[in-house]
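**Q** Take a look at this one; I'll ask things after.
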Amino acid sequence: MLETLSSFYEGLNPVGRTTVITTPILLLAVVVLLVLERKYPYRKGLPFFREGLFLDLFWYTLVQSYFLQILIFGFIIAPLAKHFGAQFHWVSSWPVAAQVGFFVVTHDFYIYWFHRFQHNSAFFWRTHEAHHSGKQVDWLAGSRSHIVEIIINQTIEFAPIILLGANPIVVPIKALIDAVWGMYIHANVDVHSGKLQYVINGPEMHLWHHADHEEVYFANFSTKLAVWDWLFGTAYLPEGRKPIRWGLPYAFPKDYFLQHAFSVVRFDEGALAEKSALFRHYHGVRFRVLSWLGRHVPAAKALQGWEVPDGAPETVARRPDDNPAAAAPVTPAESSRPVNALS
Ligand SMILES: [Zn+2]
Ligand SMILES: [Zn+2]
Numbered sequence: 001m002l003e004t005l006s007s008f009y010e011g012l013n014p015v016g017r018t019t020v021i022t023t024p025i026l027l028l029a030v031v032v033l034l035v036l037e038r039k040y041p042y043r044k045g046l047p048f049f050r051e052g053l054f055l056d057l058f059w060y061t062l063v064q065s066y067f068l069q070i071l072i073f074g075f076i077i078a079p080l081a082k083h084f085g086a087q088f089h090w091v092s093s094w095p096v097a098a099q100v101g102f103f104v105v106t107h108d109f110y111i112y113w114f115h116r117f118q119h120n121s122a123f124f125w126r127t128h129e130a131h132h133s134g135k136q137v138d139w140l141a142g143s144r145s146h147i148v149e150i151i152i153n154q155t156i157e158f159a160p161i162i163l164l165g166a167n168p169i170v171v172p173i174k175a176l177i178d179a180v181w182g183m184y185i186h187a188n189v190d191v192h193s194g195k196l197q198y199v200i201n202g203p204e205m206h207l208w209h210h211a212d213h214e215e216v217y218f219a220n221f222s223t224k225l226a227v228w229d230w231l232f233g234t235a236y237l238p239e240g241r242k243p244i245r246w247g248l249p250y251a252f253p254k255d256y257f258l259q260h261a262f263s264v265v266r267f268d269e270g271a272l273a274e275k276s277a278l279f280r281h282y283h284g285v286r287f288r289v290l291s292w293l294g295r296h297v298p299a300a301k302a303l304q305g306w307e308v309p310d311g312a313p314e315t316v317a318r319r320p321d322d323n324p325a326a327a328a329p330v331t332p333a334e335s336s337r338p339v340n341a342l343s
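Final position of the sequence shown in full-length UniProt numbering is 343; the numbers increase by one with none missing.
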């Protein structure tokens, strides 16, 4: 058995060998974050089977990531590398750790500005609103990112690693750092990192970024390094206060394909279902599957919808341009499972 494993490992190329090491680390990080979320919750009462968990896990994390990896590496970066060849060896002589550090910092600086731009452009907001659509933010919520957003950001992230002559193992190492840090900043963990929060970004500031509170619509754009927010005047971290409402101030589709369609053309799911039998049928598939699941696995009922905590203030849809009107508030009567949003 051990011999088979070792010959399997020996047969891999350096990238494959690195992936054999990074994958268990990623899974371990998931377990650690899940334990921390249960032990030290930022928002008490957030269930594991929260609304949109299946969407984030199946569609965004597995299906979309799989196909976009093939598209980005196979059809964008590979042709670029073929065209430019090995012309640049800017970082080739550096130690791997220095290469990783260099690409982590430079990409994080880029992503701060692109993210800030997305919040200020009506067009690019459409490629980012899906990321903000979750009402219940946890370790997996960050995976919800529009196809276009991922294609742009990951091409700009990984193409330079290949084109500037970095060691190819920097790709899986960087991907691991992205995944773990991405899960960490969205995790429902009550972190108090003190002065470290000026440098290292975490849930303290990023959970505010996802809040549906007007004061943070244009704040906390950092991903890995919070220093960008503090340097460029967009940091928001009030003492002793937490958000009580997350997500978008307007209705947003819950289905993967409809979420992408909504970025192209605005529609009202209810009105469309009334008009089109085909849409009604497609729209009903999700409901029928979840109802069936809810009857057989009671915990899965949470996947069907979410509740807005009583007393959460309504906000005005002050996001970039032409967005639908604010969603009607959920009345306490409609809310069957109260969520304790305040901790
Ligand atoms: Zn954002
Ligand atoms: Zn986020």
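Even glycine gets a Cβ: it sits at the ideal position worked out from N, Cα and C.
Work out the CA separation of serine 276 and alanine 98 for me, nearest whole Å.
**A** Here residue 98 corresponds to residue number 98 of the sequence shown, with the count starting at 1. Here residue 276 corresponds to residue number 276 of the sequence shown, with the count starting at 1. Cα to Cα, alanine 98 sits roughly 56 Å from serine 276.
**Q** Report the three-state DSSP secondary structure of isoleucine 244 (helix, strand or coil).
**A** Position 244 of the sequence shown, counted from the start, is the residue given in the question as residue 244. It is coil, neither helix nor strand.
**Q** For alanine 271, which of helix, strand or coil comes out of DSSP?
**A** In the sequence shown, the residue the question calls residue 271 occupies position 271. Three-state result, alanine 271: helix.
**Q** Have a look at tyrosine 256 and aspartate 190 and give me their C-alpha separation to the nearest angstrom.
**A** As a first step, residue 256 is located in the sequence shown; it is residue number 256 there, counting from the start. As a first step, residue 190 is located in the sequence shown; it is residue number 190 there, counting from the start. Near 30 Å, if we compare the C-alpha coordinates of aspartate 190 and tyrosine 256.
**Q** Using the rule of at least 16 other Cβ atoms within 10 Å of the residue's Cβ for burial, across every protein chain shown, is phenylalanine 49 buried or exposed?
**A** Stepping through the sequence shown from its first residue, residue 49 is reached at position 49. Phenylalanine 49 is exposed by the Cβ-count criterion.
**Q** Helix, strand or coil, according to DSSP, for leucine 5 in the structure here?
**A** Position 5 of the sequence shown, counted from the start, is the residue given in the question as residue 5. Here leucine 5 sits in helix by DSSP.
**Q** With H, G and I counted as helix, E and B as strand and the rest as coil, what does DSSP make of valine 189?
**A** Taking the sequence shown and counting its residues from 1, one reaches residue 189 at position 189. Here valine 189 sits in strand by DSSP.
**Q** Which residues in the same chain as phenylalanine 124 place their Cβ atom closer than 7 Å to its Cβ, once the five residues preceding and following it in sequence are excluded?
**A** Taking the first residue of the sequence shown as position 1, residue 124 is located at position 124. The residues are Phe117 and Gln118.
**Q** Classify proline 41 as helix, strand or coil using the three-state DSSP reduction.
**A** Working through the sequence shown from its first residue, we reach residue 41 at position 41. Reduced to three states, the DSSP call for proline 41 is strand.
**Q** Measure the alpha-carbon distance for isoleucine 76 versus leucine 55 and round it to whole angstroms.
**A** For the purposes of this step, residue 76 is taken as the residue at position 76 of the sequence shown. For the purposes of this step, residue 55 is taken as the residue at position 55 of the sequence shown. Their Cα atoms are separated by approximately 27 Å.
**Q** Alanine 219: buried (16+ other C-beta within 10 angstroms of its C-beta) or exposed?
**A** Counting from 1 along the sequence shown, the entry for residue 219 is found at position 219. Per the 10 Å Cβ criterion, buried.
**Q** At a cut-off of 7 Å, would you count histidine 213 as near ligand 1, judging by its Cβ distance to the nearest heavy atom?
**A** By 1-based counting over the sequence shown, the position of residue 213 is 213. No, Cβ of histidine 213 sits at least 7 Å from all heavy atoms of ligand 1.
**Q** CB arginine 245 to CB alanine 273, shorter than 8 Å?
**A** Taking the first residue of the sequence shown as position 1, residue 245 is located at position 245. Taking the first residue of the sequence shown as position 1, residue 273 is located at position 273. Result no, Cβ atoms of arginine 245 and alanine 273 do not sit closer than 8 Å.
**Q** Can you list the residues near ligand 3, meaning Cβ strictly closer than 7 Å to any non-hydrogen atom, in the order they appear in the chain?
**A** Because ligand 3 does not appear in the structure shown, any question about it cannot be addressed here, the ligands present being ligand 1 and ligand 2.
**Q** Suppose the cutoff is 7 Å on Cβ atoms and the five residues either side in sequence are ignored; what does the same chain contact list for glycine 305 look like?
**A** Taking the first residue of the sequence shown as 1, we reach residue 305 at position 305. Reliability of the predicted coordinates at glycine 305 is poor, the pLDDT of 49 falling under 50, and the value obtained from them is presented with this limitation in mind. Sequence-distant Cβ neighbours of glycine 305 in its own chain, meaning closer than 7 Å and more than five residues away, are Glu51.
**Q** Can you tell me whether methionine 1 is buried or exposed? The criterion is at least 16 other CB atoms within 10 Å of its CB, across all chains shown.
**A** As a first step, residue 1 must be located in the sequence shown, where it is residue number 1. It counts as exposed.
**Q** Thinking C-beta only, is glutamate 239 closer than 8 Å to tryptophan 139?
**A** Here residue 139 refers to the residue found at position 139 when the sequence shown is read from its first residue. Here residue 239 refers to the residue found at position 239 when the sequence shown is read from its first residue. No, Cβ-Cβ distance for tryptophan 139 and glutamate 239 is not below 8 Å.
**Q** Taking all protein chains shown into account, decide if leucine 57 is buried (16 or more other Cβ within 10 angstroms of its Cβ) or exposed.
**A** One-based indexing of the sequence shown puts residue 57 at position 57. Counting Cβ neighbours within 10 Å, leucine 57 comes out exposed, since fewer than 16 surround it.
**Q** Express the C-alpha separation of glycine 194 and tyrosine 236 in angstroms, rounding to a whole number.
**A** One-based indexing of the sequence shown puts residue 236 at position 236. One-based indexing of the sequence shown puts residue 194 at position 194. Cα-Cα distance, rounded: 14 Å.
**Q** Determine whether the beta carbon atoms of threonine 223 and isoleucine 70 lie at a separation below 8 Å.
**A** Here residue 223 is taken as the residue at index 223 of the sequence shown, counted from 1. Here residue 70 is taken as the residue at index 70 of the sequence shown, counted from 1. It is not a contact, given that the beta carbons lie outside the stated cut-off.
**Q** Between which residues of its own chain and threonine 234 is the CB-CB distance below 6 Å, once the five residues before and five after are set aside?
**A** Here residue 234 corresponds to residue number 234 of the sequence shown, with the count starting at 1. Closer than 6 Å at the Cβ level, and outside the excluded window around threonine 234, lie Ala219 and Phe221.
**Q** Select from Val171, Glu269, Leu278 and His260 the residue whose C-alpha is nearest the C-alpha of glutamine 64.
**A** Reading the sequence shown from its first residue, position 64 is the one you call residue 64. For the options Val171, Glu269, Leu278 and His260, the alpha carbon positioned closest to that of glutamine 64 is the one of His260.
**Q** Which same chain residues end up closer than 7 Å to isoleucine 177 when comparing Cβ atoms and leaving out the 5 residues on each side of it in sequence?
**A** Taking the first residue of the sequence shown as position 1, residue 177 is located at position 177. For isoleucine 177, where only same-chain residues beyond five positions count, the Cβ hits under 7 Å are Val104.
**Q** In three-state terms, what does DSSP make of tyrosine 236?
**A** In the sequence shown, the residue the question calls residue 236 occupies position 236. It is coil, neither helix nor strand.
**Q** Excluding five sequence neighbours on each side, which residues of the same chain lie with their C-beta closer than 8 Å to the C-beta of glutamine 197?
**A** To locate residue 197, count along the sequence shown from 1; it is residue 197. Within the same chain, glutamine 197 has close Cβ partners Glu204, Met205, Ala226 and Leu237.
**Q** Any idea what DSSP makes of alanine 211, helix, strand or coil?
**A** Position 211 of the sequence shown, counting from 1, holds the residue named residue 211. Looking at alanine 211 - three-state DSSP - the assignment turns out to be strand.
**Q** Does DSSP classify leucine 140 as helix, strand or coil?
**A** As a position in the sequence shown, residue 140 is number 140, starting the count at 1. Leucine 140 falls in the coil class under three-state DSSP.
**Q** Within the same chain, show all residues whose beta-carbon is closer than 7 Å to that of leucine 26, passing over the 5 residues directly before and after it, in chain order.
**A** Taking the first residue of the sequence shown as 1, we reach residue 26 at position 26. Here the set comprises Leu176, Ala179 and Val180.
**Q** Using the C-alpha atoms, what's the distance from alanine 122 back to leucine 207?
**A** Working through the sequence shown from its first residue, we reach residue 207 at position 207. Working through the sequence shown from its first residue, we reach residue 122 at position 122. Approximately 23 Å between the Cα atoms of the pair.
**Q** Inspect the beta-carbon positions of histidine 146 and alanine 159 and report whether they are closer than 8 Å.
**A** Here residue 146 refers to the residue found at position 146 when the sequence shown is read from its first residue. Here residue 159 refers to the residue found at position 159 when the sequence shown is read from its first residue. The answer is no: Cβ separation not under 8 Å.
**Q** Among Leu231, Ser143 and Ile72, which has the Cα closest to the Cα of threonine 155?
**A** Your numbering for residue 155 matches position 155 in the sequence shown. For the residues Leu231, Ser143 and Ile72, the minimum Cα distance to threonine 155 belongs to Ile72.
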